[in-house]
Amino acid sequence: MTGRERVGISEFRIASAPNELVTYGLGSCLGITLYDPELKIGGMAHTLLPSPRPGMDTSRMSKFVDASIGLLVDALVAEGAVVARLQAKIFGGANMFEALQAWAGESIGQRNISCARSKLAELCIPLVAEDVGGNFGRTLVFDLASGRVTVKSVREGQKEKNY
117 MTGRERVGIS
127 EFRIASAPNE
137 LVTYGLGSCL
147 GITLYDPELK
157 IGGMAHTLLP
167 SPRPGMDTSR
177 MSKFVDASIG
187 LLVDALVAEG
197 AVVARLQAKI
207 FGGANMFEAL
217 QAWAGESIGQ
227 RNISCARSKL
237 AELCIPLVAE
247 DVGGNFGRTL
257 VFDLASGRVT
267 VKSVREGQKE
277 KNY
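Residues 117 to 279 in our numbering are what the sequence shown lists, from first letter to last.
Printed below as a string of C-alpha cells:
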C-alpha cells in the first residue's frame with residue numbers, strides 16, 4: 117500500500133518506494149526534490165527563502181533553499197543513497213506579486229531559483245527538470261517508485277504535468 121506524506125512549509129522529508137511525498141501551495145516558495153533512482157529513495161523540501169541573512173531566525177534551517185539541499189543530501193546519504201546518483205528537480209519560485217518586483221528588484225521566487233541552481237551545481241548534483249517562475253501556485257506529488265513529480269497548477273484552468 118502506498119503511503120502519502122505531506123511536506124509543510126519550511127519542512128523536508130525523505131521516503132522510499134512505494135510512498136509519495138506531497139506539498140501544497142508553492143508560490144514564491146521553492147519545492148526541491150532529490151532522488152536516487154537505484155535505491156528508489158528521495159526527499160522533498162518546501163523552502164521559503166534563499167539563505168539566511170544576519171539577524172534572521174535560523175532555528176529552522178529547512179526554510180532556506182541552500183540549507184535544505186544540504187539537509188536532504190545528508191538525510192538521503194544516511195539512508196544509503198549515493199550523492200553521485202542523486203538527481204534534482206525544482207518547482208515554484210513564482211512571482212506572486214508582480215507589482216512589487218518593479219519596486220524591490222529581483223523577486224524572492226527568482227532568488228530562490230538562482231540559489232537552488234547554484235547550490236546544486238556546487239554539489240555536482242544534476243538538475244534534471246524544473247517548472248519554475250510564472251505567477252501561479254503549484255502543488256507537487258513526488259512518486260518514489262518512479263521518481264516522477266506531478267505538478268498541479270491552476271493556470272488556464274486546472275493543469276497537470278509530469279516531470
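Every residue, glycine too, gets a C-beta built ideally from N, C-alpha and C.
Everything numeric in this text was worked out from a predicted model, so none of it was measured.
Once DSSP output is grouped into helix, strand and coil, what is the label at residue i?
{"i": "I148", "result": "strand"}
{"i": "N211", "result": "coil"}
{"i": "A261", "result": "coil"}
{"i": "S234", "result": "helix"}
{"i": "R122", "result": "strand"}
{"i": "N278", "result": "strand"}
{"i": "R254", "result": "strand"}
Keeping to the same chain, check which residues put their C-beta closer than 6 Å to that of residue i; ignore five residues upstream and five downstream.
{"i": "N278", "result": "R264, T266"}
{"i": "L105", "result": "For residue 105 there is no data in the structure shown, the boundaries of the chain being 117 and 279."}
{"i": "R201", "result": "D152, E154"}
{"i": "R271", "result": "F252"}
Between residue i and residue j, how many whole angstroms is the CB-CB distance? I'm expecting something under 8 Å.
{"i": "I206", "j": "L164", "result": "The pair is not a contact, with the Cβ atoms about 14 Å apart (cut-off 8 Å)."}
{"i": "I224", "j": "S132", "result": "Going by Cβ atoms, the distance from I224 to S132 rounds to 32 Å, so no, they are not a contact pair."}
{"i": "A232", "j": "V199", "result": "Wrong, their Cβ atoms sit about 16 Å apart, outside the cutoff."}
{"i": "F186", "j": "L146", "result": "For the record, residue 186 in the displayed sequence is Gly; it is not Phe. Between L146 and G186 the Cβ distance is about 14 Å, and since that is not below 8 Å, they are no contact."}
{"i": "I229", "j": "L150", "result": "Between L150 and I229 the Cβ distance is about 16 Å, and since that is not below 8 Å, they are no contact."}
Any idea if residue i is buried or exposed, counting beta-carbon neighbours within 10 angstroms, 16 or more meaning buried?
{"i": "S178", "result": "buried"}
{"i": "A197", "result": "buried"}
{"i": "V248", "result": "buried"}
{"i": "V189", "result": "buried"}
{"i": "P166", "result": "buried"}
{"i": "S175", "result": "exposed"}
{"i": "A183", "result": "buried"}
{"i": "G158", "result": "buried"}
{"i": "K275", "result": "exposed"}
Residues in the same chain with beta-carbon distance under 8 Å from residue i, minus the five sequence neighbours each way, listed in chain order, please.
{"i": "E127", "result": "A161, H162, S178"}
{"i": "T255", "result": "V138, T139, Y140, G141, L142, V267, K268, S269"}
{"i": "R169", "result": "none"}
{"i": "K156", "result": "S132, A133, L260, A261, G263"}
{"i": "N211", "result": "S144, Q217, S223, G225, Q226, G249, G250, N251"}
Spatial neighbours of residue i within its chain, please: C-beta separation below 7 Å, excluding the five flanking residues on both sides.
{"i": "V244", "result": "Q203, A204, K205"}
{"i": "T118", "result": "P134, N135, E136"}
{"i": "L236", "result": "I185, A204, L243"}
For residue i, decide whether its Cβ has a neighbour in chain D, counting only Cβ atoms nearer than 9 Å.
{"i": "A197", "result": "Note that chain D does not occur in the displayed structure, where there is just one protein chain."}
Inside the segment 129-207 only - alpha helix (DSSP H) runs reaching at least 4 residues: The alpha helix (DSSP H) runs lying completely inside the segment 129-207 and spanning 4 residues or more are 181-194, given in chain order.
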